[in-house]
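Numbering (the numbering used here), first residue to last: 3 to 389.
Even for Gly, the Cβ is constructed at its ideal location relative to N, Cα and C.
Small disclaimer: the values here were computed from a predicted structure and weren't measured.
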Amino acid sequence: MSTADTPSSVRTLAAAAPVRLSSVEVRLIELTLVRPFETSFGRTDARIVPLVRMVADGVEGWGEIVADHEPLFSSETIGTARHVLADYFIPDLLTRTLSSVDDVAAALRRFKGHQMAKAGLELAFMDLAARSRGVSIREAIGGTRDRVPVGVSLGIEKDIPTLVDQVLAHVAQGYQRIKLKIKPGWDLDVVRVVREAYPTGLLSVDANTAYTLAHTEHLKQLDAFDLLMIEQPLAHDDMVDHAALQRAIRTAICLDESIVHARAAAHALALGSCRLINIKIGRVGGYTEALGIHDVCQAQGAPVWCGGMLECGIGRAHNLALASLPNFSLPGDISASKRYWARDVITQPFEVAPDGTVGVPTGPGIGVEIDHAFLDAITIERREFTA
Ligand code: SMG
Ligand code: MG
Numbered sequence: 003m004s005t006a007d008t009p010s011s012v013r014t015l016a017a018a019a020p021v022r023l024s025s026v027e028v029r030l031i032e033l034t035l036v037r038p039f040e041t042s043f044g045r046t047d048a049r050i051v052p053l054v055r056m057v058a059d060g061v062e063g064w065g066e067i068v069a070d071h072e073p074l075f076s077s078e079t080i081g082t083a084r085h086v087l088a089d090y091f092i093p094d095l096l097t098r099t100l101s102s103v104d105d106v107a108a109a110l111r112r113f114k115g116h117q118m119a120k121a122g123l124e125l126a127f128m129d130l131a132a133r134s135r136g137v138s139i140r141e142a143i144g145g146t147r148d149r150v151p152v153g154v155s156l157g158i159e160k161d162i163p164t165l166v167d168q169v170l171a172h173v174a175q176g177y178q179r180i181k182l183k184i185k186p187g188w189d190l191d192v193v194r195v196v197r198e199a200y201p202t203g204l205l206s207v208d209a210n211t212a213y214t215l216a217h218t219e220h221l222k223q224l225d226a227f228d229l230l231m232i233e234q235p236l237a238h239d240d241m242v243d244h245a246a247l248q249r250a251i252r253t254a255i256c257l258d259e260s261i262v263h264a265r266a267a268a269h270a271l272a273l274g275s276c277r278l279i280n281i282k283i284g285r286v287g288g289y290t291e292a293l294g295i296h297d298v299c300q301a302q303g304a305p306v307w308c309g310g311m312l313e314c315g316i317g318r319a320h321n322l323a324l325a326s327l328p329n330f331s332l333p334g335d336i337s338a339s340k341r342y343w344a345r346d347v348i349t350q351p352f353e354v355a356p357d358g359t360v361g362v363p364t365g366p367g368i369g370v371e372i373d374h375a376f377l378d379a380i381t382i383e384r385r386e387f388t389a
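Shown next as structure tokens:
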């Protein structure tokens with residue numbers, strides 16, 4: 003695909019006709035992980051997932067908010083999302099006529115931060131807009147793939163043999179890339195043993211900000227393991243130290259937490275703070291910025307891949323649509339539903355094929371059917387806002 007043919011020329015983030023929202027619902031559901039997931043900042047056993055449902059002219063749209071109950075991955079929480087949605091964002095959107103996702107982004111731009119809460123609204127509107135036109139989100143945003151390559155992110159375990167068992171079990175399921183969570187004290191020895199058990203496959207590590215530049219000599223030792231990348235080794239709000247570290251190590255740095263919008267992606271690439279970017283639609287405020295980051299990186303020849311936030315089927319369907327874009331050239335953290343949940347909130351759980359790909363939904367909007375009975379059974383709070 004030539005630059006003149008970039009997908010932006012085929013994107014339509016608009017609804018069939020301008021809409022006035024009749025209602026916006028924010029609901030919290032509770033889901034327990036099949037296996038606890040531990041990172042350098044903490045352990046997750048269960049998630050409370052805020053969902054957004056918008057309705058206009060009899061068409062609905064669903065979005066998911068990836069904030070956690072504590073401000074550990076980012077400064078946002080479920081509590082801050084509930085607050086800004088109820089007190090500022092939703093009342094604002096209910097007064098407007100909205101033609102496209104860009105209008106949602108433009109309306110919310112004056113409010114600083116709160117990307118995850120904003121993303122919940124953009125995602126729901128994107129689903130509604132695509133459904134109103136009878137197309138899938140993939141089609142609406144100019145996605146070019148039917149299936150996307152996927153990897154799995156494996157948490158910190160009680161010991162290395164337990165982790166190696168996890169690695170081999172997921173490789174056997176077809177996953178195309180293994181990502182290990184690391185932190186000081188759970189890094190070089192772990193990567194060495196996993197590399198011996200998995201000598202040639204794509205392997206990466208994610209530190210979730212656990213190191214500082216003082217660890218440069220230590221992190222250099224990761225260069226021996228032919229890693230695809232090291233994700234977010236340093237602080238979430240840093241670009242300069244990452245550039246210094248990238249100059250000192252051979253392994254490619256991928257930024258996650260630091261990239262909160264397309265401008266940050268452009269800055270990171272200009273400074274040499276990373277060579278790759280993980281796009282999480284929730285972390286960056288929704289489709290508008292996610293597409294912008296995709297395009298900034300594509301123009302500069304930097305690959306992107308789709309990150310994950312332990313989403314339920316609704317957020318995962320959005321991730322799959324996004325990951326169908328052409329510059330998502332590395333496997334995403336988009337694992338099968340069963341890797342996270344005994345029962346997902348959609349009627350057809352996502353599955354990873356033996357070739358390590360997941361199909362991009364083709365139905366209208368997010369393209370999956372919500373299991374309403376189950377969703378109602380696990381709902382712990384529901385608030386509806388009307389025009
Ligand atoms: O959805 O498979 C997933 C999780 C992928 O490792 C993952 N996410 O920093 O990339 C990351 C983490 C953030 C979530 S930690 C609860
Ligand atoms: Mg990460």
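Does the Cβ of residue 223 have 16 or more other Cβ atoms within 10 Å, making it buried, or fewer, making it exposed?
Counting from one through the sequence shown, the residue named residue 223 turns up at place 221. By the neighbour-count rule (16 or more Cβ atoms within 10 Å), residue 223 is not buried but exposed.
Does the segment 354–370 come into contact with the segment 23–43, if we say contact requires no fewer than three beta-carbon pairs (one atom in each stretch) closer than 8 Å?
no
Using three-state DSSP, classify residue 280 as helix, strand or coil.
The residue given as residue 280 occupies position 278 in the sequence shown. Strand at residue 280.
In whole angstroms, what separates the C-alpha of residue 149 from that of residue 107?
Taking the first residue of the sequence shown as position 1, residue 149 is located at position 147. Taking the first residue of the sequence shown as position 1, residue 107 is located at position 105. Whole-angstrom Cα-Cα distance: 28 Å.
Should residue 174 go down as buried or exposed, given a rule of 16 or more other Cβ atoms within 10 Å for buried?
What you label residue 174 is simply residue 172 of the sequence shown in a count that begins at 1. Exposed: under 16 other Cβ atoms inside 10 Å.
Check for me: the beta strand (DSSP E) holding residue 359 runs from which residue to which?
Mapped onto the sequence shown, residue 359 falls at position 357. 359–361 is the extent of the beta strand (DSSP E) around residue 359.
Quick one: what's got a C-beta closer than 6 Å to residue 65's C-beta in the same chain, skipping five residues either side?
Taking the first residue of the sequence shown as 1, we reach residue 65 at position 63. These residues qualify, in order along the chain: 54, 122, 125, 126.
Does the structure place the segment 35–52 close enough to the segment 290–300 that three or more beta carbon pairs sit under 8 Å?
no
Could you say which of 204, 246, 351, 388 lies nearest to residue 151 if we only look at CA atoms?
Here residue 151 is taken as the residue at index 149 of the sequence shown, counted from 1. Per the Cα distances, 204.
Nearest-angstrom Cα distance between residue 139 and residue 330?
Here the question's residue 139 lines up with position 137 in the sequence shown. Here the question's residue 330 lines up with position 328 in the sequence shown. Cα to Cα, the separation comes out at about 16 Å.
I'd like to confirm the pairing. Which residues does DSSP put opposite residue 353 in its beta bridges?
As a working note, residue 353 is residue 351 in the sequence shown. Partner(s): none; residue 353 has no beta bridge.
In this structure, does DSSP put residue 311 in helix, strand or coil?
Along the sequence shown, read from residue 1 onward, the residue named residue 311 stands at position 309. Residue 311 falls in the coil class under three-state DSSP.
Measuring only the C-alpha atoms, how far is residue 92 from residue 98?
The residue you call residue 92 lines up with position 90 of the sequence shown. The residue you call residue 98 lines up with position 96 of the sequence shown. Near 10 Å, if we compare the C-alpha coordinates of residue 98 and residue 92.
Here's the rule I'm using: 16 or more other beta-carbon atoms within 10 Å means buried, otherwise exposed. How should residue 375 be labelled?
For the purposes of this step, residue 375 is taken as the residue at position 373 of the sequence shown. Taking every protein chain shown into account, the CB of residue 375 has fewer than 16 other CB atoms within 10 angstroms, so this residue is exposed.
Quick one: does the C-beta of residue 253 sit closer than 6 Å to a heavy atom of the ligand SMG?
The count along the sequence shown starts at 1 and reaches residue 253 at position 251. Checking every heavy atom of the ligand SMG against the Cβ of residue 253, none is found closer than 6 Å.
Which residues in the same chain as residue 178 place their Cβ atom closer than 7 Å to its Cβ, once the five residues preceding and following it in sequence are excluded?
As a working mapping, residue 178 is identified with position 176 in the sequence shown. For residue 178, where only same-chain residues beyond five positions count, the Cβ hits under 7 Å are 151, 152, 153, 204, 333, 358.
Using alpha carbons as the reference points, say which of 255, 196, 189, 109 lies closest to residue 163.
The sequence position of residue 163 within the sequence shown is 161, counting from 1. Answer by Cα proximity: 196.
Measure from the alpha carbon of residue 393 to the alpha carbon of each residue in 367, 226, 215, then state which is nearest.
No information on residue 393 is available, as it lies outside the stretch 3 to 389 that the chain covers here.
Which residues does DSSP pair with residue 40 in a beta bridge?
Position 38 of the sequence shown holds residue 40. Residue 40 is bridged by DSSP to 45.
Can at least three beta-carbon pairs, one atom from the segment 296–311 and one from the segment 82–90, be found at a separation below 8 Å?
no
Looking only at its chain, what residues have a beta carbon closer than 6 Å to the beta carbon of residue 7, apart from the 5 residues adjacent to it on each side?
Translated into positions along the sequence shown, residue 7 becomes position 5. Because the pLDDT at residue 7 is just 46, under 50, the model does not fix this residue reliably, and the value given afterwards should be weighed accordingly. None.
Determine, using beta-carbon pairs with one atom in the segment 260–274 and one in the segment 227–243, whether at least three such pairs fall under 8 Å.
yes
What residue does the alpha helix (DSSP H) around residue 264 start on, and which one ends it?
On the sequence shown, residue 264 is found 262 positions in, with the first residue counted as 1. Element bounds for residue 264: 264–273.
From the DSSP output, which residues share a beta bridge with residue 102?
Within the sequence shown, the letter at position 100 stands for residue 102. The beta-bridge partner set that DSSP reports for residue 102 consists of 16.
Would you call residue 235 buried or exposed, if buried means 16 or more other Cβ atoms sit within 10 Å of its Cβ?
On the sequence shown, position 233 is the one that residue 235 refers to. Buried.
Say yes only if the C-beta of residue 2 is nearer than 6 Å to one or more non-hydrogen atoms of the ligand MG, and no if none qualify.
Any property of residue 2 remains undetermined from this structure, which presents the chain solely from 3 to 389.
Under the three-state reduction of DSSP, which class applies to residue 122: helix, strand or coil?
Here residue 122 corresponds to residue number 120 of the sequence shown, with the count starting at 1. Here residue 122 sits in helix by DSSP.
Among 290, 287, 264, 288, whose alpha-carbon lies nearest the alpha-carbon of residue 279?
One-based indexing of the sequence shown puts residue 279 at position 277. Comparing Cα-Cα distances from residue 279 to each of 290, 287, 264, 288, the minimum goes to 264.
State yes or no: is the beta carbon of residue 177 nearer than 7 Å to at least one beta carbon in chain B?
Reference to chain B is not applicable here, since this structure consists of a single protein chain.
Would you say residue 56 and residue 26 are within 7 Å of each other, going by their C-beta atoms?
Translated into positions along the sequence shown, residue 56 becomes position 54. Translated into positions along the sequence shown, residue 26 becomes position 24. Contact flag set, yes.
Given a threshold of 16 other Cβ atoms within 10 Å of its Cβ, counted over all protein chains shown, does residue 382 qualify as buried or as exposed?
Counting from 1 along the sequence shown, the entry for residue 382 is found at position 380. Per the 10 Å Cβ criterion, exposed.
Who are residue 212's beta bridge partners in DSSP?
Taking the first residue of the sequence shown as 1, we reach residue 212 at position 210. Looking at the DSSP output, residue 212 sits in no beta bridge, so it has no partner there.
Under a Cβ-count criterion, where at least 16 other Cβ atoms within 10 Å of its own Cβ denotes burial, should residue 24 be classed as buried or exposed?
As a first step, residue 24 is located in the sequence shown; it is residue number 22 there, counting from the start. When all chains shown are included, residue 24 counts as exposed.
Whose C-alpha, out of 289, 290, 291, 281, is nearest the C-alpha of residue 311?
In the sequence shown, the residue the question calls residue 311 occupies position 309. Of the listed residues, the one whose Cα sits closest to residue 311 is 281.
On the CB-based measure, 16 or more other CB atoms within 10 Å of its CB, does residue 52 come out buried or exposed?
Position 50 of the sequence shown, counted from the first residue, corresponds to residue 52. Residue 52 comes out buried.
With DSSP collapsed to three states, give me the class of residue 7.
Numbered from 1 along the sequence shown, position 5 holds the residue referred to as residue 7. Note that residue 7 has pLDDT 46, beneath the 50 cutoff, so the model's placement of it is unreliable and the number below is only indicative. Helix.
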